[in-house]
Structure formats: structure tokens, C-alpha cells
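**Q** One structure follows; several queries about it will come next.
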Amino acid sequence: MTPVEQQRSLTSSNPVLSRPQFRRRGGPKTAARDPRPGIAVAPGRSTGGQDPFREDAPGSLPHPVADLMTMDGVVSRAAAGLAASTLAAVLSWTSLAHAPVSTAAAYGIAVGAGLAATALVVIQRRKNVLSSALTLTFAAVQGVFLAVLSTSVSSHLSPGVLAQMVLGTMAGCAGGLLARALHWMRADRRFRPLAGAGLLGLGVLALADLALFPVLGADGLGLRIAVLGVFTGVVGVVLAASFLPLHLRKVEDGITCGASRDLSWTAAFGLTLTLTWLYVETIRLFTLYPAEELY
């Protein structure tokens, strides 16, 4: 890969998944990658060989193989976080539909939820071990922030236009996690796994709109009454299906480096943050190319 290609290669900048434990130099190696002496190794594994990155590190690997982080454990926890965000968003959308508030109050709620979510991310960055309560609390606050902000902004544009994008993002993440749980997806850039995740996301989006139709009234969230709502919903699915694998690759790096099972909730926190962080990643995508190549 040339220096230019390396500069343009898009990798996850997720602040949670950028911890040292999820990088090559930050975590111990697993039994599958030649562990250091002292680790419990499955029958048939070889313990020979040295890790050039850890030659000077004293002591043995502190976690037995049974206590290492697994992708299945991370995906199940991330699904719980996604469910909490979705539930909070749906409750917020329902509340705003049946008890409208002023524009100033809505923006105030969105700002308050955004600040609370930011504070929880900062707290997580300073903790060594993440708790399930912190992850689920962040997920709920993030859901409120996205729902209230998207509804408030959509009121100035087209009914449900941004709410559909948020719902599409949630559906795309759900499709990606489901595809990963079904072993359809690997954290790479091959087209077929991403297409499968996207199709699952579109199916989830259609089911979500069908379920929300009787709750939110005839207008729903804009998918049924506006072509623009359909477009933004599909855009949300595409964004989630495109950027979730970048974050899953970070998790797989942590598993390869022997991350402890205690970090499973940390990884789930980072994947839940995908709902918001993928918009940041989208902006970063344009910074990889000079302006003269975009116009």
C-alpha cells in the first residue's frame, strides 16, 4: 500500500474503541496467537514462540483463555445497548407526537441529553472496567438526544426527514449486528457481507415503520408520506451498514490481542456509540480527499 493509499484508508476513530486494550501493542496475545508462558491453553495449542512487542513485559498473561473477550459476548451486549437506544428514541418520538413542546424547549432537551451523553463518554474513557449500567444509561440518553434533535430539526424541513435517517441508522446497526451474529459478516470491506447487512437493515426499517404507524398516527415518521423520508431512511441504513464494520474491526483487534472479558461492555459501549459516531466518520471520509478531487 502506497503512502497515499494509507493516508486515504478509513479506519474507525471511535473514542471508546481507541483504548490501548483494543490495539496490537495494548493487549496480551490470545492462545490462537502464540500466548506468553503461564496462560491456560486449549489442548492441541502450542505455547512456543515469542511476541516481539512484549519481550520486556514481566509476568504472564493475567487472564485464562475462558476469561477472554469473545465476539458473541460483545454482539449480545451491543444488541442490548441498541435496544435501549431504540426504546428511548421511540418513547421520545411518541411523547413529542402526543404532547408537543415548543421549539426552544425541544432544543433544550436535546442539548441537555447531548451533554449528558458526552459526560458519560468522558467517564467511560477514565474507567478501567465498564459496567452494564453505564452502557445502558448512555444508550438511553443517546436515544433521547437523537430522537428529540431529529424531530426538532425536521419540523423546519420536511416531516420526519431526519427522524427517518435516525431510524434507518438504528435499523442498519440492527441489521449489521444480526448479520454478524449469523456469521454473514466479517469486519472487512467485502461487498456481499455489507449488502446482506444492508438488506437486513432495510427489512428492520420497514418493520419498524409498520409497527410505529398505529402509535404515531397517519404521518408516522415520514416514511409513508414523503419520498424524502424514504431516501433519508435508506441513507441511514447505508451509513450504518458501511461504518459498523469499521468498529467491529476494532473489536476483533482487541480479541486478537487477548482483551479481557471485562472489556466486553466497553466494546458494546463503543458499538452503541456508532449511532452517533457514524455521522462523524462520514464527515471524516471527505477529509481523506483533496477538495479539487471532490468538485
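Note that this note's numbering has the sequence shown beginning at -17, numbered continuously upward.
Each residue gets a CB set at the ideal place from its N, CA and C atoms; glycine is no exception.
Name the residue from 100, 156, 82 and 158 whose alpha carbon lies nearest to the alpha carbon of residue 120.
**A** 100
**Q** Is the beta carbon of residue 143 closer than 9 angstroms to that of residue 184?
**A** At the C-beta level, residue 184 and residue 143 stay beyond 9 angstroms of one another.
**Q** Just how far apart, CA to CA, sit residue 137 and residue 52?
**A** 43 angstroms
**Q** In the DSSP output, which residue or residues are listed as bridge partners for residue 50?
**A** 242
**Q** Give the straight-line distance between the Cα atoms of residue 237 and residue 84, rounded to the nearest whole angstrom.
**A** 47 angstroms
**Q** Starting from residue 81, follow the alpha helix (DSSP H) in both directions and report where the run begins and ends.
**A** Here residue 81 belongs to no alpha helix (DSSP H), and DSSP marks it neither H nor E.
**Q** Can you round the beta-carbon distance between residue 69 and residue 157 to whole angstroms, since I take them to be within the 8 angstroms contact cut?
**A** Not a contact, Cβ separation roughly 18 angstroms.
**Q** Taking the CB atoms as reference points, tell me whether residue 149 and residue 218 lie closer together than 9 angstroms.
**A** yes
**Q** Under the rule that 16 or more other beta-carbon atoms within 10 Å means buried, what is residue 66, buried or exposed?
**A** buried
**Q** Relative to the C-alpha of residue 128, which residue among 89, 106, 114 and 163 is closest?
**A** Of 89, 106, 114 and 163, the residue nearest in Cα terms is 89.
**Q** Distance, Cα to Cα, residue 133 vs residue 227?
**A** 28 angstroms
**Q** Going by the CB atoms, is the gap between residue 59 and residue 249 shorter than 9 angstroms?
**A** yes
**Q** Below 8 angstroms CB to CB, which residues in the same chain sit around residue 180 once its five sequence neighbours on both sides are set aside?
**A** Setting aside the 5 residues that flank it on each side, residue 180 is surrounded in the same chain by 154, 157, 219, 220 and 223, each with a C-beta closer than 8 angstroms to its C-beta; the list follows chain order.
**Q** Using CA coordinates, which residue listed in 244, 122 and 75 is at the minimum distance from residue 62?
**A** Residue 122 is the option with its Cα nearest to residue 62.
**Q** So the candidates are 2, 0 and 258; which of them puts its Cα closest to the Cα of residue 152?
**A** 258
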